[in-house]
Amino acid sequence: MANDPGSWRLKPPHDVNAQGLIVSPFSYLEAAHAYLLDTSGALGSGWLKSLRAVLAITDANGKDVDPVTGKPNGCAALAFTAGGLSNLGVSTEILGQFAQPFIDGMHEPARRKRLADDQLAPPGRTQPFWGDSGGACEHPVHAALLLYHETPGQLEVYGAPGLAALAASGVKIAHELRLSLKTDMSVHPPVVRENFGFADGISQPVPCGDAIVTKKGQAYPRNPLHSIAAGDLMIGHVNAHGEPAPGPDLLANAPGATLLPVSPVDATKRSLGLDGSYLVMRELSQDVDAFWTSMQSAAKSLKGRDATWVAERVVGRDINGVILAENPPPGDDEDGPGNDFRFWDDDRDGLHCPLGSHIRRANPRDGLAPTVGTKATLLHAVNNHRILRRGRKYEAYAVPGAGEQPGLLFLCLNTDLERQFEFIQQTWLLNPSFASLFNERDPLLGPAGPFTVQAEPLRLRPAIDTFIRFVGGEYFYLPSISALAYLSELASP
Amino acid sequence: MQQTIVSVVLPVSADKAAALQDAIDALRAKLTPNPAAPDDFVLLRENLPTLHFMSLLVFGPRAGVGAGDADVSPLFVMEANFDGLPGPFWAELEAQIGPDLRDLLRLCAAPRGSVDRMFDAITAPGSRAPIAPLLDRQSVFPEASHAGVRGLGRNRILWHNALFQAAEAALPPPDEVLSEGAAAIHAWLRARLLPAFPWLDQPYERPFTAAEQTAATRHLVLFGVAALVVAALPWVGLALLFGRPHGHLAADLATLAFLTGAVCMTAMTDIGDLPTLAGRKSMPDLWWQVGGGLLLLAVVPGFLVRGFGAWWLLVPAGIIASALLLVAALRTREKRDPVPADSVPDPAEVLALQDFEDVHVAGADHMASVVIIKGGWLRGFILRFAMRALYALLRATAADGYLGSMRTIHFAHWGIVDGGKRLLFLSNFDGSWESYLDDFIEKAHAGLTLAWGNCLGFPPPRYCALDGATQGRKFKNWARCSMTQSRFWYAAYPNLTVNQIWRQARVVQGLSAPSLSAEQALIWAKDL
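Protein chains in written order, with my numbering: chain A, 1052 to 1544; chain B, 74 to 601.
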């Protein structure tokens, strides 16, 4: 259930207001394409209006199917950087109401320091390949258009009118990535693998709140392991700090404000934020050969182990996504590998799933509790820092100066970039002192270094190389459908 | 081992604050001469072997959230956390950077108005008068403090780390020793390390001795008893003064006290306006139960006192009545307080603060904050009482570095400055500022609200310890507004977290033993 994105949905009117990407990764659509747009040559909202005239941005009101054939329609998501909103004509006053990390952008120096992005850059590249900050990035990006369909052929047909509208309006495609799922049907249940071969995207938080219901429309039950506040996913809903997740509001008499819903915090205002979210996008290249070479050489230093054994410790799950545990929880056909496990009771010392493995760092569950009495508190605390992932792998292409590699277009949704995405990156994944560890970072994502694999009587500590690099990325705002309508009607800046 | 947590605080006139900051910056540059290691305070590191953390700070004229038009002067703060007592430390510090400190003091204002002989003598041109007495006199000792590395001397931490790293380097590839068992690994490693670390042969000295524990426990118990006595005294005193000890006055007083307390309490509960927040229990039911229970209780002591003539029953009755009245009085003030406008930090100032954060990849960070205490005797009393209680509790219970479920603080303290008007908070902690504040919000919000809830601009608390800091975003913004840049901040072991310091201490403790049993060795080996 936790990893079945279809198990929850939004209540009206949020279901027709939120973008579909919030409730679904569209995993029933195998083909996808990410277009990163440079709108500096098309100031104003004209391009957005002409794009939306030929391409509807998908809402969250269930699967879109063709009424005649019964086959699924294509889906689209659209998000903007701070510079992108400014190019559209959003005033500085409204822009100032967005979250500071979004306004600053991912490449602001203090953020780069915090995210360790300089250490994760591809060797041979001194500046990010793309991002919003003019000058700091090779390709300025102001908006992201994500398109999904069943096959590459259908995707092309589906996207063509939109791309033509963009081209006609003077919007340039600064960068693009061909995304894929390549669901592996050879195992049961089928899994989606990232480029190294591991089943990916298994553990997802489930939002809980007034707007969230089950498929059948009933209140969604709370689950201490997977539930997060709906406001940690969508602006305007109650977040983990007990207040509506903040977003921009407009005076009710502002031009175009009637297109927007009433603000959840101030009934005299209209909300540009409600049902929107912040979309973190990071292009992470994966050197598949280097990964397996590193696993092999690590295995060689540990007698009697093979590369797969090491790689599984690095990840924390086996290649098909089953948690490394004495008794892994059962999976099932619908949901895939079992995900209902905790660390404190089952594997406190990391003898099965190493303390520093990727999945343990990315979501420590109750494993950081110092005592049995604090398990629940720590699990609750950890769930204030969850993100909803929407990423897909991309096909190899040549990054100038950094070689030709496939990778992961990491996408995640959250409303508090500092407390959620950045916290995970800094305090868990790349923290050299995570849990009781010293001087080592995430073995999968982090820079080269030692990786402790707990064992009795003595831990193993192979050296792990670097094979994932941060190519480019940015913080985007994923507006609601009504906000898109408002943005389309903005007067020229 | 005794450790000192202290701040020296002096006022600064508004026109000198910028010059003082410049002088501190210049001193920092002078003390960190190596461009390749811009955070290495060579002189302090080499010549002050007892110093753990030190900061020199200027809080500007707007220091303190919600200052509004309030009359606050800039402050100079020198924070020092060191082993041993202040006297010898000030002397050592003066020997190292005396002239520079004197120059800084010259940019401060005289602490007692225009006439302060000691200050004037020390800051006079060409003066050679020792500055240590002034440092001593201007020292603000914490109302509440926490030391996560309590009992572990600075040098001991560094020695432990050297040994930890040597052990790591000496260990053979795991497969060669795996078959031997942990006890054999222990014996092997100890034999290998003894020549280079002969002190391993000394018995391991516990950082926190049994005598210190006893003293801390005694302190806590005495504090508790004193608080209870003070709470009971008025009621018992009244009964003794005006009534016969066995008479009805005691009974009537007990009943009256309880009724008053209980009625106040029930009246003060916020039935109806308690928000039901995601993940939090709705409170009204609980408060109704508490209120109802108290009303019932109110009848009982009167009956008991009357029925049994046991005047001493007034003691528990009085304690509870005093506590209830105090809470009711505080709650009335809480409800009367205007809801503070949300603190909105200037993004540029936050970026400026961040320039001095996340400096050390692995370890410590610094936070320096000053806020204004709300007016009125009750607030001042509650604040002091809460912090003293917190301090007594921490001293007696937090021996292994944990503050509740978090172990990220090296040294942190609250001090009351500016003649009781402002509350200073200084902390040397592990990880990012965001994660530190999240720890507070998620794991220690009640304690924080108790202390900071009595300060201007803090997200509104209920009953001293509820709400407040749980309003995470507002709390973070408020905290950001109260901070000053940590431009001069020295950390003796910036890449060692509190967790790691205790981990390496456990490794040393094991290695100090000539041999370990198989079970002991297995536990010990987990830290290698």
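Yeah, the Cβ is synthetic: ideal placement off N, Cα and C, and Gly gets one too. As the structure is a prediction and not an experimental result, all values here were calculated from the model.
- It is roughly 30 Å from the alpha-carbon of ALA194/B to the alpha-carbon of THR557/B.
- Annotation: the stretch 155-218 of chain B contains the following complete segments of the alpha helix (DSSP H) (minimum length 4 residues), in chain order: 159-179, 190-196 and 205-210.
- Contact between GLY1287/A and LEU1330/A does not hold, since the beta-carbon distance rounds to 16 Å and is not under 8 Å.
- Taking a cut-off of 8 Å on C-beta distances, the stretch 522-534 of chain B touches the stretch 454-467 of chain B, as three or more cross pairs fall below it.
- Sequence-distant Cβ neighbours of ARG1512/A in its own chain, meaning closer than 6 Å and more than five residues away, are PRO1501 and THR1503.
- Annotated three-state conformation of HIS233/B is helix, per DSSP.
- Chain order gives the chain A residues near ASN572/B as SER1484 and SER1487, where near means a beta carbon separation below 7 Å.
- Contact residues of the stretch 254-267 of chain B toward chain A are GLY254, ALA255 and ILE258 (C-beta to C-beta distance below 7 Å).
- Our two residues, SER1531/A and THR1143/A, have alpha carbons roughly 20 Å apart in a direct line.
- For LEU424/B, the residues of chain A that pass the 7 Å Cβ criterion are ALA1161, in the order they occur in the chain.
- Using beta-carbon distances, GLN593/B does not count as an interface residue toward chain A, since no partner is under 8 Å.
- Distance from the CA atom of PHE1518/A to the CA atom of LEU529/B, rounded to whole angstroms, is 50 Å.
- For the C-beta of THR543/B, the chain A residues within less than 8 Å are, from N- to C-terminus, HIS1292 and GLY1293.
- In the three-state DSSP reduction, GLN1337/A falls in the strand class (E or B).
- DSSP places VAL432/B outside any alpha helix (DSSP H), giving it a letter other than H or E.
- If the five residues before and after ALA1262/A are omitted, its C-beta is found closer than 7 Å to the C-beta atoms of LEU1061, LYS1062, HIS1065, ALA1281 and HIS1288, all from its own chain and listed in chain order.
- PRO533/B and VAL412/B have their alpha carbons spaced roughly 7 Å apart.
- Leaving aside the five residues that flank GLY186/B on each side, none in its chain has a CB nearer than 6 Å to its CB.
- Beta-bridge partners assigned by DSSP to GLN1456/A: TYR1448/A.
- LEU1198/A has HIS1084/A and ALA1127/A as its beta-bridge partners, per DSSP.
- Residues of chain B whose Cβ lies closer than 9 Å to the Cβ of PHE1474/A are, in chain order, SER505, GLU507, SER508 and ASP511.
- Judged by beta-carbon spacing, ARG1368/A lies beyond the 8 Å limit of PHE1461/A, meaning their Cβ atoms are not closer than that value.
- Linking PRO1379/A to ALA1420/A through their CA atoms gives a straight-line distance of about 21 Å.
- Take LEU1232/A, set aside five residues on each side of it, and the residues of its chain with a beta-carbon closer than 7 Å to its own are SER1078, GLU1081, VAL1243 and ARG1443, in chain order.
- Inter-segment contact for the stretch 466-482 of chain B and the stretch 498-511 of chain B is present: three or more beta-carbon pairs are separated by less than 8 Å.
- ALA91/B and TYR563/B have their C-alpha atoms some 21 Å from each other.
- Taking 8 Å as the cut-off, the beta carbon of LEU129/B is found no closer than this to the beta carbon of PHE498/B.
- By the neighbour-count criterion, in which 16 or more other beta carbons inside 10 Å mark a residue as buried, LYS408/B falls on the exposed side.
- Among the residues facing chain B, THR1109/A is not included, as its CB has no counterpart in that chain under 8 Å away.
- Listed in chain order, the positions of the stretch 1388-1401 of chain A with a beta carbon within less than 9 Å of a beta carbon of chain B are ASP1400.
- Residues of chain A whose Cβ lies closer than 7 Å to the Cβ of VAL434/B are, in chain order, PRO1483.
- By a beta-carbon distance limit of 8 Å, SER86/B contacts ALA182/B. Their separation comes to about 5 Å.
- In the three-state reduction of the DSSP assignment, ASN1465/A falls in the strand class.
- Two segments are said to touch when three or more pairs of C-beta atoms, one from each, lie closer than 8 Å; by this definition the stretch 1488-1498 of chain A does not touch the stretch 1109-1127 of chain A.
- Excluding five sequence positions before and after ASP1400/A, the CB atoms of its chain that fall closer than 7 Å to its own CB belong to GLN1505, given in chain order.
- By the Cβ test, the stretch 1150-1162 of chain A is not in contact with the stretch 1219-1229 of chain A, since fewer than three Cβ pairs between them sit closer than 8 Å.
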